[in-house]
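Presented below is the structure to which this report refers.
Residue numbers (my numbering): 6 to 567.
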């Protein structure tokens with residue numbers, strides 16, 4: 006299942022909902038803070054400095070196209086429920102009616118004819134000191150749920166008047182707002198006569214996690230607030246669950262995406278700045294605050310590799326500003342806030358010039374727009390350069406590798422116990438004496454249709470590289486020693502001996518790229534996310550790409566390496 010999986014929705018609808026709910030949640034979060042138009046201020050600052058100066062994307066603060074606010078009067082609510090900042094308010098369980106207490110926006114998706122198709126309840130996060138007093142009620146939830154009832158009854162009536170049902174509602178929020186969305190999900194069968202029992206609940210950067218299939222929580226593992234109090238039954242037990250004093254225990258949940266990383270300026274220096282993943286460490290809040298204006302969710306779902314991601318996949322998203330992008334390589338680095346360095350990962354770049362790198366395992370790297378430099382070293386890697394002029398960097402000399410041009414236009418590079426398949430790449434560069442200098446013959450190449458063209462200016466010293474032939478199509482394609490065979494569905498391969506094999510979409514709907522791999526001596530034994538595949542006769546140096554299978558699978562005789 007894809008990374009953002011929502012019960013009852015297909016992959017495309019769930020991806021759209023993940024992006025839309027984040028936009029609605031952060032709009033509610035930033036529309037006003039202590040009377041200030043925080044969202045507009047952040048957008049203006051970004052425009053003045055230039056998009057991408059401070060983060061990995063342009064900052065936008067408005068509602069998505071086609072959405073509008075729904076007034077209290079449209080909901081049949083008293084004007085007294087609207088506070089000085091224009092939010093609809095709930096009663097505080099501790100303080101009662103108080104200005105700038107628990108807040109929310111009711112939003113509607115409306116077409117040009119005025120027809121409403123969806124409604125959202127978007128709870129605001131902490132934006133005033135008065136919000137803090139109710140934190141102790143989050144884990145139990147029942148006191149807060151009681152205060153939701155009058156407003157939600159009004160929303161249910163409004164939706165019914167427009168011919169909508171509960172599954173047409175998006176319940177969301179950011180930070181504290183995400184916690185309130187989880188609370189509503191927990192009590193959804195009791196509130197407003199159960200009208201919202203089938204609604205879609207998405208909490209963003211929520212400290213509270215409700216474990217059920219009607220809610221999805223999206224946040225970054227290097228955000229100290231995401232999953233902060235987890236699913237503990239009360240605040241006391243939550244405090245006991247911390248690793249240290251107010252340190253996030255980084256627990257995994259079935260209703261939460263737990264391995265997303267926002268690679269920002271703090272994370273690039275994480276061994277020092279994130280040594281304490283405590284709510285008292287101001288640096289640990291970096292991804293929480295940055296997540297408000299980040300377009301990471303939108304970039305993830307637009308990735309060429311999105312359908313290969315699962316809820317437990319490691320996904321690292323670049324969020325560096327201009328200065329950081331010039332010096333820091335974005336990848337799955339060893340960090341105090343993670344335990345998956347060296348595992349297969351998806352590396353997601355930005356629309357600016359990025360430095361991206363793989364890890365020790367099998368990785369998927371996408372640069373998007375910008376002139377990116379993408380460094381690959383070990384394992385089996387898939388690379389999508391995207392728009393711009395992108396360069397693929399390899400350790401060692403050109404003579405250490407064999408280069409292939411696939412029928413679909415991709416480039417295959419085999420060598421140094423690795424196999425990389427790349428598209429959207431304009432140049433390939435090789436290491437020289439421990440560094441990527443980009444000067445001298447045999448170092449930088451332009452990818453042409455039939456060869457790699459040496460960029461060295463003196464033709465006399467040119468060291469162009471011709472593409473190596475690799476069997477790709479037909480039954481019984483042979484894979485001989487030190488060759489690469491690239492097979493698609495319906496093809497067969499025999500006599501395999503050494504090096505690398507790319508199976509493509511051989512196994513049709515079950516085909517995807519491995520999330521785990523292991524090697525043994527003698528015959529190759531490769532472990533996959535869903536089980537294991539035994540490959541008779543392969544030497545341990547062999548590399549495999551492209552077949553995540555369920556259970557234990559042995560290749561049929563026609564496919565076995567002899």
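Yeah, the Cβ is synthetic: ideal placement off N, Cα and C, and Gly gets one too.
At the level of alpha carbons, what is the spacing between residue 34 and residue 296?
12 Å
Where residue 144 and residue 158 are concerned, what is the direct C-alpha to C-alpha distance, given to the nearest angstrom?
23 Å
With DSSP collapsed to three states, give me the class of residue 435.
strand
Along the chain, where does the alpha helix (DSSP H) that runs through residue 350 open and close?
Not the alpha helix (DSSP H): residue 350 falls in the beta strand (DSSP E), residues 350-353.
Tell me the start and end of each unbroken beta strand (DSSP E) in the stretch 381-422 that is at least 3 residues and wholly inside, in chain order.
384-389, 396-399, 407-410, 416-420
Own chain residues within Cβ distance below 6 Å of residue 478, not counting five before or after:
With a pLDDT of only 46 at residue 478, under the threshold of 50, the placement of this residue in the model should not be trusted; the figure read from the coordinates follows. Cβ neighbours of residue 478 within its own chain (closer than 6 Å, five residues either side excluded): none.
Mind the definition here: the stretch 320-327 touches the stretch 292-307 only if three or more C-beta pairs lie below 8 Å; say whether that holds.
yes
Sort 311, 57, 290 by Cα distance to residue 19 and report the nearest one.
311
Selected residue, minimal CA-CA separation from residue 394, among 433, 368, 49
Comparing Cα positions, the closest option is 433.
Among the residues of its own chain, which have a CB less than 7 Å from the CB of residue 358, if the five just before and after it don't count?
330, 375, 376, 377
Tell me whether the beta-carbon of residue 337 lies closer than 9 Å to the beta-carbon of residue 367.
no
So, are the CB atoms of residue 424 and residue 396 less than 9 Å apart?
no
In three-state terms, what does DSSP make of residue 449?
strand
By the 10 Å Cβ neighbour count, where 16 or more other Cβ atoms means buried, how is residue 21 classified, buried or exposed?
exposed
Mapping DSSP to helix, strand and coil, what is residue 167?
Three-state DSSP puts residue 167 in coil, outside helix and strand.
Are the beta-carbon atoms belonging to residue 62 and residue 260 less than 9 Å from one another?
no
At what residue ranges does the stretch 245-287 contain a whole run of the beta strand (DSSP E), taking only runs of 3 or more?
265-268
Where residue 256 and residue 342 are concerned, what is the direct C-alpha to C-alpha distance, given to the nearest angstrom?
Using only the alpha carbons, I get a separation of about 11 Å.
Range covered by the alpha helix (DSSP H) that runs through residue 568
Outside the shown range of the chain (6 to 567) lies residue 568, about which nothing can therefore be said.
Let me know the beta strand (DSSP E) ranges lying completely inside the stretch 290-331, each 3 residues or longer, listed in chain order.
Runs found: 319-323.
Per DSSP, which residues does residue 38 bridge with? Please list them.
The partner list for residue 38 (beta bridge, DSSP) reads 41.
Please report the distance separating the alpha-carbon of residue 116 from that of residue 71.
6 Å
Write down the C-beta distance between residue 406 and residue 420 rounded to the nearest angstrom, noting that I regard them as a contact closer than 8 Å.
4 Å
Can you look up residue 24 in the DSSP assignment and give me helix, strand or coil?
Reduced to three states, the DSSP call for residue 24 is helix.
Determine the DSSP secondary structure at residue 16, reduced to helix, strand or coil.
helix
Report back the beta-carbon spacing between residue 139 and residue 12 to the nearest angstrom; my notes put them in contact at under 8 Å.
The pair is not a contact, with the Cβ atoms about 29 Å apart (cut-off 8 Å).
Would you grab the beta carbon distance between residue 192 and residue 171 for me? Rounded to a whole angstrom, and I think it's under 8 Å.
Not quite, the Cβ-Cβ distance comes to about 14 Å (not below 8 Å), so this is no contact.
Between which two residues does the beta strand (DSSP E) holding residue 333 run?
Per DSSP, residue 333 belongs to no beta strand (DSSP E) and is neither H nor E.
Does DSSP put residue 148 in a helix, a strand or coil?
helix
Counting Cβ pairs, one atom from each stretch, are 3 or more of them under 8 Å apart for the stretch 167-183 and the stretch 204-218?
yes
Under three-state DSSP, which class holds residue 127?
strand
Count the C-beta pairs between the stretch 150-157 and the stretch 93-110 that are closer than 8 Å, then say yes if the count reaches three, no if not.
yes
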